[in-house]
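Using our numbering, you'd call the opening residue of the sequence shown number -10 and step up by one each time.
Note that beta-carbon positions come from the ideal geometry of N, C-alpha and C, so glycine has one too.
Presented below is the structure to which this report refers.
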Amino acid sequence: MTTQPGQVVFTRGGLPESVHTVHVAVVNASGKVVAACGDAGLVTFPRSSSKPVQALPLALAAPELPGDELAVACASHAGTPEHLAVVARLLARSGSTVADLRCGTHPPFDPGAAADLIRQGEAPTPLHHNCSGKHAGMLLACVRHGWPREGYTEHGHPLQVRIRELHAELGGVGLEDVQAGTDGCSVPAFALPLHATARIFARLAAPQGELAPALERIFQAMTAHPFLIAGPGRLDTTLMPLVPGLAAKMGAEAFYGLALRQTPRGPLGVAFKIVDGGERARPHVALAVLEALGVPVTPELRALAPATLTNWAGREVGGVEAQVGLTWG
């Protein structure tokens, strides 16, 4: 399904200042594309929106894993002490240490946590990387499945081969339709049609088949622990508690995946991509899509995507308009 792409327009002084083009796909529990805005077949990288799929081998191999540890395996966390404690616990389950993580190192996303490190004269470690929970989960999945921990980030490793297969299976596409690059944390990043990623989130919203128990555990972990999925002030963490039956996962370069259990049209999966990577437009698209799907927009939800822009002095200087019209098939 291909329609006119959506736009998020930021204005200043009544004039358009920046325009972000948007593509959206909506899939129902049967795997059918039921609505779109733009090109539902756009091939793009979900980036961290793939984390629920990347956590599936872990969920399958460790059914007893506590929900908070499964949640942090799906997370792009902010590096707060609360996040680090859960990642460390997950890491220890496989007999691994921080030295075994191959995600690299960056300062915590949370400004307070980053400032604390500076005050303490400490450097960030791989544990602070937003993907360290995913990597800790991958190490445990390797141990439980009998795969080597060494080389777990490589494209040919059994874990990554299985994750690529799961993208194809859940997305309803052929393996040849799942293209591969390398993510910022060194694991494979898989690209697939937008409707396929929406179908993955529809499967998360309405699990079925032999993967259903593991998908259900991932959904429950994400929705029960929204703070662990992202962190203070970040969209996943603030959005999920405001929408009953929603699991949401952001990806880099302005991708977003939504698994909705309670809409007038039943369970739905949504994936959208803001083409230029303009992440400031993401909450505006999310709100417009939720409203189009019949989700009641409360004042708390509306506050996530203000229609006015203010400067540092608190003066109104511009506005934002999300033009995301879904065409129903």
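Point to revise | Helix, strand or coil at Ala243 according to DSSP, with G and I counted as helix | key: Along the sequence shown, one-based indexing puts residue 243 at 254. Note: Ala243 maps to coil in three-state DSSP.
**Study point:** Ordered list of beta strand (DSSP E) runs contained in the region 119 to 182, each at least 3 residues
**Key:** Within the region 119 to 182, the complete beta strand (DSSP E) segments at least 3 residues long are 168 to 171 and 177 to 182, listed from N- to C-terminus.
Practice item. Determine the direct distance from the alpha carbon of Leu279 to that of Pro285, and round the result to whole angstroms. Key: Translated into the one-based positions of the sequence shown, residue 285 becomes position 296. Translated into the one-based positions of the sequence shown, residue 279 becomes position 290. Answer to the nearest angstrom: the Cα atoms are 8 Å apart.
Review point. If you draw a straight line from the alpha carbon of Cys174 to that of Ala302, how long is it in whole angstroms?
Key: Position 185 of the sequence shown holds residue 174. Position 313 of the sequence shown holds residue 302. Their backbone Cα atoms lie some 38 Å apart in a straight line.
Check your understanding: For Pro137, which residues from the same chain have a beta carbon less than 6 Å from its beta carbon, with the 5 sequence-adjacent residues on both sides left out?
Key -> As a working mapping, residue 137 is identified with position 148 in the sequence shown. Same-chain partners within the cutoff: there are none.
Point to revise | Three-way DSSP call (helix, strand, coil) for Gly198 in this model | key: For the purposes of this step, residue 198 is taken as the residue at position 209 of the sequence shown. If DSSP states are grouped into helix, strand and coil, Gly198 belongs with coil.
**Study point:** One or two residues paired with Ala9 in a DSSP bridge
**Key:** As a working note, residue 9 is residue 20 in the sequence shown. It should be pointed out that residue 9 corresponds to His in this sequence rather than to Ala. In the DSSP output, where bridge partners are listed per residue, His9 has Val(-3).
Check your understanding: Based on Cα-Cα distance, which residue from Arg192, Gly84 and Glu58 lies nearest to Ala74?
Key -> Against the sequence shown, residue 74 aligns to sequence position 85. From the listed residues Arg192, Gly84 and Glu58, the smallest Cα separation to Ala74 is found for Glu58.
Practice item. On the DSSP bridge assignment, give the partners of Thr(-9) in chain order. Key: Here residue -9 refers to the residue found at position 2 of the sequence shown. Partner(s): Asp28.
Check your understanding: What residues are listed by DSSP as bridge partners for Ala237?
Key -> Along the sequence shown, read from residue 1 onward, the residue named residue 237 stands at position 248. The partner list for Ala237 (beta bridge, DSSP) reads Leu247.
Check your understanding: Ordered along the chain, which non-local residues of its own chain (more than five positions away) have a Cβ less than 8 Å from that of Glu305?
Key -> In the sequence shown, the residue the question calls residue 305 occupies position 316. The answer, listed in chain order, is Thr297, Leu298 and Thr299.
Exercise for review: May I ask you to list the residues that DSSP assigns as paired with Leu4?
Suggested key: Position 15 of the sequence shown, counting from 1, holds the residue named residue 4. For Leu4, which the question treats as bridged, DSSP gives the partners Arg1.
Practice item. Determine the contact status of Phe244 and Ser7, defining contact as a CB-CB distance below 8 Å. Key: Indexing the sequence shown from 1 puts residue 244 at position 255. Indexing the sequence shown from 1 puts residue 7 at position 18. Not closer than 8 Å, so no.
Check your understanding: Does the Cβ of Arg108 have 16 or more other Cβ atoms within 10 Å, making it buried, or fewer, making it exposed?
Key -> The residue labelled residue 108 in the question sits at position 119 within the sequence shown. The residue is exposed, with fewer than 16 neighbouring Cβ atoms inside 10 Å.
Check your understanding: If we ignore side chains and look at the alpha-carbon of each, how far apart do Ala169 and Gly3 end up?
Key -> For this step, residue 169 is matched to residue 180 along the sequence shown. For this step, residue 3 is matched to residue 14 along the sequence shown. Between the C-alpha atoms of Ala169 and Gly3 there is a straight-line separation of about 42 Å.
Point to revise | DSSP bridge partner residues for Thr316 (one or two, in chain order) | key: Position 327 of the sequence shown, counted from the first residue, corresponds to residue 316. In the DSSP output, where bridge partners are listed per residue, Thr316 has Ala25.
Practice item. Check each candidate in Gly307, His124 and Ala213 and name the one with the smallest Cα separation from Thr94. Key: Position 105 of the sequence shown, counted from the first residue, corresponds to residue 94. The shortest Cα separation from Thr94 among Gly307, His124 and Ala213 belongs to His124.
Practice item. Work out the CA separation of Ser65 and Ala319 for me, nearest whole Å. Key: Coverage of the chain is limited to positions -10 through 318, which leaves residue 319 absent and any answer about it impossible.
Point to revise | Exposure of Ser19, with buried meaning 16 or more beta-carbon neighbours within 10 Å | key: Within the sequence shown, numbered from 1, the residue matching residue 19 stands at position 30. Exposed is the call here.
Review point. Are Leu181 and Val150 closer than 8 Å when you measure CB to CB?
Key: Counting from one through the sequence shown, the residue named residue 181 turns up at place 192. Counting from one through the sequence shown, the residue named residue 150 turns up at place 161. No; because the gap between Cβ atoms is not below 8 Å, this pair is not in contact.
Exercise for review: Tell me, please, which residues DSSP counts as bridged to Val16.
Suggested key: Sequence index remark: in the sequence shown, residue 16 carries index 27 (1-based). Listed as beta-bridge partners of Val16 by DSSP are Val22 and Gly258.
Review point. How long is the line joining the alpha carbons of Glu111 and Thr69, rounded to whole angstroms?
Key: Stepping through the sequence shown from its first residue, residue 111 is reached at position 122. Stepping through the sequence shown from its first residue, residue 69 is reached at position 80. Their backbone Cα atoms lie some 14 Å apart in a straight line.
Review point. Is Thr186 helix, strand or coil when you go by DSSP?
Key: Translated into positions along the sequence shown, residue 186 becomes position 197. Residue state for Thr186 is assigned as helix, using DSSP reduced to three classes.
Point to revise | Ordered list of alpha helix (DSSP H) runs contained in the region 38 to 90, each at least 4 residues | key: Scanning the region 38 to 90 from its first residue to its last, the whole alpha helix (DSSP H) runs of 4-plus residues come out as 40 to 43, 45 to 50, 56 to 62 and 70 to 82.
Point to revise | Glu310 in three-state terms, based on DSSP | key: Stepping through the sequence shown from its first residue, residue 310 is reached at position 321. Residue state, collapsed to three classes: strand.
Practice item. Evaluate Arg153 with the Cβ neighbour count: other Cβ atoms within 10 Å of its Cβ, from every protein chain shown; 16 or more gives buried, anything less gives exposed. Key: Walking along the sequence shown from the start, residue 153 turns up at place 164. With 16 or more Cβ atoms within 10 Å of its Cβ, Arg153 is classed as buried.
Review point. So, helix, strand or coil for Thr227, using DSSP?
Key: Walking along the sequence shown from the start, residue 227 turns up at place 238. It is helical.
Check your understanding: Among Asn119, Gly27, His118 and Arg133, which residue has its Cα nearest to the Cα of Glu53?
Key -> On the sequence shown, residue 53 is found 64 positions in, with the first residue counted as 1. For the residues Asn119, Gly27, His118 and Arg133, the minimum Cα distance to Glu53 belongs to Arg133.
Check your understanding: By Cβ distance below 6 Å, which residues in the same chain neighbour Ala24 in space, the five residues on each side in sequence not counted?
Key -> As a position in the sequence shown, residue 24 is number 35, starting the count at 1. The beta carbon of Ala24 sits closer than 6 Å to those of Val15, Leu315 and Trp317, all from its chain and outside the five residues before and after it, given in chain order.
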